[in-house]
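Asks: Numbering (the numbering used here), first residue to last: 8 to 152.
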Ligand SMILES: [Zn+2]
Ligand SMILES: [Zn+2]
Ligand SMILES: [Zn+2]
């Protein structure tokens, strides 16, 4: 019983950390955040709980090319997506601070990019650039010169 209570607290702390963050987090970032609530949390517990949270459908794994896996809270669109209108979203990767942010939009099927006779079934799309923080820091630096 005590064991289960501890697990629930760990899971809640992770979920809150993910939901409170507007971006996708690596397990290490997540562990550090959630430790503010449950100090005994360690990385192997984080991995175990992340698997459980993914099975519940409240956490989504984010795999970007050349990046280690990150995790984010399933967005509201994902949670109330029923049937054929499956919501998917894309990501913005900041090349400066290496943070990853969800973009809840999609440019469409991109059928016209495929060669004639080809059928697009899915796509991955990642934008790379400077996030607002890094962009304004850079603007401030160049203004100072
Ligand atoms: Zn940045
Ligand atoms: Zn979304
Ligand atoms: Zn899309």
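Every residue, glycine too, gets a C-beta built ideally from N, C-alpha and C. Since we're looking at a predicted model, the values are computed, not measured.
Specify the secondary structure class of residue 68 as computed by DSSP and reduced to three states.
Replies: Along the chain shown, one-based indexing puts residue 68 at 61. Here residue 68 sits in strand by DSSP.
Asks: Let's see if you can read the secondary structure: which residues bound the beta strand (DSSP E) around residue 100?
Replies: Translated into the one-based positions of the chain shown, residue 100 becomes position 93. Note, residue 100: beta strand (DSSP E), 97-101.
Asks: Using a Cβ-Cβ cut-off of 7 Å (strictly less than) and excluding sequence neighbours within five positions of residue 145, which residues of its own chain qualify?
Replies: Along the chain shown, read from residue 1 onward, the residue named residue 145 stands at position 138. Within its own chain, the residues whose Cβ lies closer than 7 Å to the Cβ of residue 145, once the five positions on either side in sequence are excluded, are 137, listed in chain order.
Asks: Just to check my reading of the structure: residue 133 and residue 71 have Cβ atoms closer than 8 Å, yes? What is that Cβ distance to the nearest angstrom?
Replies: As a first step, residue 133 must be located in the chain shown, where it is residue number 126. As a first step, residue 71 must be located in the chain shown, where it is residue number 64. Correct: roughly 5 Å between the Cβ atoms.
Asks: Listed by chain order, which residues have C-beta atoms less than 7 Å from any heavy atom of ligand 1?
Replies: 101, 103, 104, 106, 137, 138, 140, 141
Asks: When burial is assigned at 16 or more other CB atoms within 10 Å of the CB, is residue 101 buried or exposed?
Replies: For the purposes of this step, residue 101 is taken as residue 94 along the chain shown, with counting starting at 1. That one is buried.
Asks: Applying the 10 Å Cβ sphere with the 16-neighbour rule, what's the burial state of residue 180?
Replies: Look at the range of the chain in this structure, 8 to 152, and you will see that residue 180 is not part of it.
Asks: For residue 150, which of helix, strand or coil comes out of DSSP?
Replies: By 1-based counting over the chain shown, the position of residue 150 is 143. In this structure, DSSP gives residue 150 a helical state, which the three-state scheme calls helix.
Asks: Given a cut-off of 8 Å on the beta-carbon distance, is the pair residue 37 and residue 22 in contact?
Replies: Indexing the chain shown from 1 puts residue 37 at position 30. Indexing the chain shown from 1 puts residue 22 at position 15. Going by C-beta atoms, residue 37 is not nearer than 8 Å to residue 22.
Asks: Take residue 97 and list the residues in its own chain whose beta-carbon comes closer than 6 Å to its own, dropping the five residues that flank it on each side.
Replies: Position 90 of the chain shown holds residue 97. Contacts found: 110, 132.
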